[in-house]
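S.K.: Each residue of the sequence shown is one higher than the last, beginning at 23 in our numbering.
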Amino acid sequence: MTELQLGLRLALAGGWARALLVVVGNVVGVVVLLLATAVPATLPAGLSADDRRFAASLVLFLVLPVISLLASTTRLSAAVRDRRLAALRLLGVTARRTRAIAACEASLLALTGVAAGALTYVLAARPLLQALDDSWRSWFDGRPLAPPPLGWVSALLGVPLLSVVIAMVPVRATTWDALSVRRQGPARRPAWWRLLPLAVGLALLAWAATRAQLPERNPPATLVVAFFAGAALTAVAIPLVVPVAVRLLGDAGSRLARTPATTIAARRLQQEPAGTTRLVAALLVALFVVAGGRCVLVAFETTPQYQRAALAASTGPQLAQLDVPEGSSLNAGVLADIPGVRAVVPGRQVGTECTPEDLRGFPPGADRPSTCGEAFVGTCAQLAFFSHQITGCRDDQAAWLDPGYGEDFSEQVTVTLLSQPTYAADGREIPGPGGPLRLDGLGTISIAPSPDDPNWRPQAQLFVPVTTPGLSTLLAPARTWLVALEGGDAPVRALAAAVPDNVIVYPDDRTDLQTVQGYRYVLYAVAGVVLILGLLALLISGIDRAVERRRHLAALTVLGVPARVVRSSQLLQAAAPLVVGLPLAGGSGLLAGAAYLNLIGARAATPWPAIVALVLGALAAGALVAAATVAGLGGRVQPQDLRQE
Numbered sequence: 023m024t025e026l027q028l029g030l031r032l033a034l035a036g037g038w039a040r041a042l043l044v045v046v047g048n049v050v051g052v053v054v055l056l057l058a059t060a061v062p063a064t065l066p067a068g069l070s071a072d073d074r075r076f077a078a079s080l081v082l083f084l085v086l087p088v089i090s091l092l093a094s095t096t097r098l099s100a101a102v103r104d105r106r107l108a109a110l111r112l113l114g115v116t117a118r119r120t121r122a123i124a125a126c127e128a129s130l131l132a133l134t135g136v137a138a139g140a141l142t143y144v145l146a147a148r149p150l151l152q153a154l155d156d157s158w159r160s161w162f163d164g165r166p167l168a169p170p171p172l173g174w175v176s177a178l179l180g181v182p183l184l185s186v187v188i189a190m191v192p193v194r195a196t197t198w199d200a201l202s203v204r205r206q207g208p209a210r211r212p213a214w215w216r217l218l219p220l221a222v223g224l225a226l227l228a229w230a231a232t233r234a235q236l237p238e239r240n241p242p243a244t245l246v247v248a249f250f251a252g253a254a255l256t257a258v259a260i261p262l263v264v265p266v267a268v269r270l271l272g273d274a275g276s277r278l279a280r281t282p283a284t285t286i287a288a289r290r291l292q293q294e295p296a297g298t299t300r301l302v303a304a305l306l307v308a309l310f311v312v313a314g315g316r317c318v319l320v321a322f323e324t325t326p327q328y329q330r331a332a333l334a335a336s337t338g339p340q341l342a343q344l345d346v347p348e349g350s351s352l353n354a355g356v357l358a359d360i361p362g363v364r365a366v367v368p369g370r371q372v373g374t375e376c377t378p379e380d381l382r383g384f385p386p387g388a389d390r391p392s393t394c395g396e397a398f399v400g401t402c403a404q405l406a407f408f409s410h411q412i413t414g415c416r417d418d419q420a421a422w423l424d425p426g427y428g429e430d431f432s433e434q435v436t437v438t439l440l441s442q443p444t445y446a447a448d449g450r451e452i453p454g455p456g457g458p459l460r461l462d463g464l465g466t467i468s469i470a471p472s473p474d475d476p477n478w479r480p481q482a483q484l485f486v487p488v489t490t491p492g493l494s495t496l497l498a499p500a501r502t503w504l505v506a507l508e509g510g511d512a513p514v515r516a517l518a519a520a521v522p523d524n525v526i527v528y529p530d531d532r533t534d535l536q537t538v539q540g541y542r543y544v545l546y547a548v549a550g551v552v553l554i555l556g557l558l559a560l561l562i563s564g565i566d567r568a569v570e571r572r573r574h575l576a577a578l579t580v581l582g583v584p585a586r587v588v589r590s591s592q593l594l595q596a597a598a599p600l601v602v603g604l605p606l607a608g609g610s611g612l613l614a615g616a617a618y619l620n621l622i623g624a625r626a627a628t629p630w631p632a633i634v635a636l637v638l639g640a641l642a643a644g645a646l647v648a649a650a651t652v653a654g655l656g657g658r659v660q661p662q663d664l665r666q667e
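Right, dumping it as structure tokens:
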């Protein structure tokens, strides 16, 4: 027989269930990779380069769990497959031909999955995602999700090539020592070198996460390299190190076990630590990626612009500015009665005279501003509406506004006020109606920063009571009004409906809120797909392992071990890599996220509660999937289950 014929027989010898699961794994891999490359290529042209890079990096995170899924499905029934390849070697087949047979077996199933995956993408996945986008977010402006040529190449050629490479890795050991593989000799203890990549990766991430933040938030190249190298090493090392921990857990369990179920489970963990870990490898990588991605989202959620916009859209307060054209007027009392309006004050009426220090940076002969500081004209009650908490305000004393920067105003007790100029349509400056006005005995008003929005304070530097003698000569009819509102859209709509049509309403800018919400939707969608891929790999591997272990379980049943004990031991075996690996993956992802946040100067915002909840959720989902696969182990013992191949 030719290598192709032997490869086909080897592919079908594992049963239709195994062949179907391998094909399904390749189908999912192709569909995910096509979507991963199509989404960045189809985003609207108006997006900024940063937005495109963020979307592309998030979507490309899907490559890691796809690799883990292919590794799990390609190595289904690995022990039986290795024994059959070893039997071919013992029958006289050369090592080169044995490898060719293994490559044909893997490529036949992979190519079948690739063809089915391409059809699934064109006929089902793309139309479904397109329909969801058209009815919900409209990110793609009606354009079809078309992967670029490189995307098709990576999916149609990369997936089968990766499957063949994964399938060929253990064949080298099979061709070297076929007799040991065929006899199923004692399992080797996982080597301690598996701990080295994880130790190096975590050390690099820890260094990147704890190094002092730079004031300019421009990290050195060494810190960036340490972050990326540590993240890559850790992602690869997590599945490698779990077998070592599982074997140690099996050793401890065999010494401390007090029940038959724990004894059987511990012995099996000692015998096959890598086999049990292979089931959860994809889920471990998925959790690592999602935990790190959640920290990336925090980097956007901690910006002052986002916090201000989020507060304005929810509980408030928020600020609206009204521009009144010349010849029109507003009644502040009417505006104050609008539901949701907290305060209404005229804006930018007077300013402070420029000092020599203020004008030091202007070259000789250059146009110089008429005023260099802005004053808030109103009452202490109105000032309180535009601030979180104020102390030291008096309605009979002008005062400097101290937002907590530590500036000393004790010697600045005198200031000269000028009318704010206006500007003509051609940009020409028109002087104000009066001034100057000298104010003495200035005090200081302390403004405590809001814990929700540090920027919620007047943008003025000076408070001037509206009852100050002589102030009225400086005040022109207000062309700008500042309105403090409750949160949400309703107060803004009510304000816009109450003012004349020629008055322009400028609400708080919520662009950052909409941008971060878009990032959040993308991240959650990617995280959902990544975790589903991990759970799918766990389900597929668990089903295959249940079928592969039927002979072992049948032997235990024939020896008189109750079915309850058998199932309990299987549950313990399935739980061991989950309990060991998922906290490790979540903690490592959190460390990687903390390192990233430190790069951008936001280390204090690490989302510990979200990562803990994510790990607990992954544990619960993994336990349910593992329990579902164990539940399918029941049934009567069949004669073929006791046959030794």
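Each residue gets a CB set at the ideal place from its N, CA and C atoms; glycine is no exception.
None of these values were measured; they are calculated from a predicted model.
Identify which residue in Leu484, Leu262 and Val538 has its Cα closest to the Cα of Pro599.
M.R.: Ranking Leu484, Leu262 and Val538 by Cα distance to Pro599 puts Leu262 first.
S.K.: Assuming contact is defined by CB atoms lying nearer than 8 Å, are Leu611 and Val312 in contact in what I supplied?
M.R.: For clarity, residue 611 is Gly in the given sequence; the question names Leu instead. Yes, the pair counts as a contact, with Cβ atoms nearer than the cut-off.
S.K.: Given a cut-off of 8 Å, decide if Ala132 and Asn48 are closer than it, judged by their beta-carbon atoms.
M.R.: In this structure, Ala132 lies closer than 8 Å to Asn48 by Cβ.
S.K.: Would you identify the three-state DSSP class for Leu352, choosing helix, strand or coil?
M.R.: In the structure shown, Leu352 sits in coil (DSSP, three-state: anything other than H, G, I, E or B).
S.K.: Looking at the structure shown, is Ser202 part of a helix, part of a strand, or coil, going by DSSP?
M.R.: Note that Ser202 scores 49 on pLDDT, short of 50, meaning its location in the model is unreliable and no value can be drawn from it.
S.K.: For Ser351, count neighbouring C-beta atoms within 10 Å of its own C-beta (all shown protein chains included) and say buried if the count is 16 or more, exposed if not.
M.R.: Result: exposed.
S.K.: Extract the residue ranges of the alpha helix (DSSP H) inside the stretch 575-638, only unbroken runs of 4 or more that lie entirely within it.
M.R.: Complete alpha helix (DSSP H) runs here, min 4: 585-621.
S.K.: Once you ignore the five residues that flank Thr284 on each side, which residues in its own chain have a CB closer than 7 Å to its CB?
M.R.: Excluding residues within five positions, the ones whose Cβ falls inside 7 Å are Gly275 and Leu594.
S.K.: Counting C-beta neighbours from all protein chains within 10 Å, is the total for Tyr528 16 or more, i.e. buried, or is it exposed?
M.R.: Classification of Tyr528: exposed, given that the 10 Å Cβ count is below 16.
S.K.: Going by DSSP in three states, Ser468 sits in which element: helix, strand or coil?
M.R.: If DSSP states are grouped into helix, strand and coil, Ser468 belongs with the strands.
S.K.: Pick helix, strand or coil for Ala109, following the three-state DSSP scheme.
M.R.: Of the three classes helix, strand and coil, the one that applies to Ala109 here is helix, per DSSP.
S.K.: Please list, in chain order, all residues of the same chain as Leu30 whose beta carbon is under 8 Å from its beta carbon, the five residues on each side excluded.
M.R.: Excluding residues within five positions, the ones whose Cβ falls inside 8 Å are Cys126, Glu127 and Leu130.
S.K.: Which residues does DSSP list as the beta-bridge partners of Arg460?
M.R.: Thr438.
S.K.: Comparing alpha-carbon positions, which option in Leu405, Leu167 and Ala153 lies nearest Arg364?
M.R.: Here the closest residue by C-alpha is Leu405.
S.K.: Since Thr120 and Arg111 should fall inside the 8 Å C-beta cutoff, what is the C-beta to C-beta distance between them, to a whole number of angstroms?
M.R.: Yes, Thr120 and Arg111 are in contact; Cβ-Cβ is about 6 Å, under 8 Å.
S.K.: Under 8 Å, do Trp422 and Thr466 count as touching if we go by C-beta distance?
M.R.: Yes, they are a contact pair.
S.K.: Would you identify the three-state DSSP class for Ala500, choosing helix, strand or coil?
M.R.: Ala500 falls in the coil class under three-state DSSP.
S.K.: Which residues in the same chain have their Cβ closer than 7 Å to the Cβ of Ala20, if we skip the five residues on either side of it in sequence?
M.R.: The requested residue 20 does not occur in the structure, where the chain is confined to residues 23 to 667.
S.K.: Val367 bridges to which residues according to DSSP?
M.R.: DSSP lists Leu504 as partners of Val367.
S.K.: If we count the other Cβ atoms within 10 Å of its Cβ and call it buried at 16 or more, is Asn353 buried or exposed?
M.R.: Its Cβ having fewer than 16 others within 10 Å, Asn353 is exposed.
S.K.: Any chance the stretch 538-546 sits against the stretch 313-324, with 3 or more Cβ pairs inside 8 Å?
M.R.: These segments touch.
S.K.: Decide if Ser185 is buried, meaning its Cβ has at least 16 other Cβ atoms within 10 Å, or exposed.
M.R.: Classification for Ser185: buried.
S.K.: Distance check for Asp566 and Ile123, CA to CA, integer angstroms please.
M.R.: Straight-line Cα distance between these residues: approximately 22 Å.
S.K.: Return the chain-ordered list of same chain residues with a C-beta closer than 8 Å to the C-beta of Ala189, the five sequence neighbours on each side being excluded.
M.R.: Thr96, Arg97, Ala124, Ala125, Glu127 and Ala128.
S.K.: Are the beta-carbon atoms of Gln340 and Asp523 separated by less than 8 Å?
M.R.: Not a contact, by the Cβ cut-off of 8 Å.
S.K.: So, for Gln327: in the same chain, excluding its five sequence neighbours on each side, which residues have a beta-carbon less than 6 Å away from its beta-carbon?
M.R.: Once the five neighbours on either side are set aside, the close Cβ partners of Gln327 are Asp534.
S.K.: Compute the Euclidean distance between the alpha carbons of Arg586 and Gln592, then round it to the nearest angstrom.
M.R.: So the alpha carbons of these two residues sit roughly 10 Å apart.
S.K.: Which same chain residues, not among the five before or five after Arg204, have their C-beta less than 7 Å away from its C-beta?
M.R.: Unreliable placement is indicated for Arg204, whose pLDDT of 45 sits below 50; the coordinate value is still reported in the next sentence. Counting only Cβ-Cβ distances below 7 Å, and skipping sequence neighbours, we find Arg105, Ala108, Ala109 and Leu112.
S.K.: Just to confirm before moving on: does the CB-CB distance between Val264 and Gly639 stay below 8 Å?
M.R.: Not in contact: Val264 and Gly639 (Cβ atoms no closer than 8 Å).
S.K.: Between the C-alpha atoms of Arg290 and Arg233, what's the straight-line distance to the nearest angstrom?
M.R.: About 43 Å.
S.K.: Taking 8 Å as the cut-off, does the stretch 133-143 touch the stretch 42-61 (at least 3 CB pairs, one atom from each stretch)?
M.R.: Touching, yes, given that three or more Cβ pairs across the two stretches are closer than 8 Å.
S.K.: Hey, Ala668 and Gly252: beta-carbon distance below 8 Å or not?
M.R.: This structure cannot settle anything about residue 668, because the visible part of the chain is limited to 23 through 667.
S.K.: According to the neighbour-count rule (16 or more other Cβ atoms, all chains shown, within 10 Å of its Cβ), is Gly463 buried or exposed?
M.R.: Gly463 should be labelled exposed.
S.K.: Going by Cα to Cα distance, which pick from Gly540, Glu25, Ile469 and Ala649 is closest to Ala117?
M.R.: When each option's Cα is compared against that of Ala117, the closest is Glu25.
S.K.: Taking just the CA atoms, how far does Asn620 sit from Leu700?
M.R.: There is no way to answer for residue 700, as the model of the chain reaches only from 23 to 667.
S.K.: Taking the runs of the alpha helix (DSSP H) that are 4 residues or longer, which of them lie wholly in the stretch 124-159?
M.R.: Within the stretch 124-159, the complete alpha helix (DSSP H) runs of at least 4 residues are 148-157.
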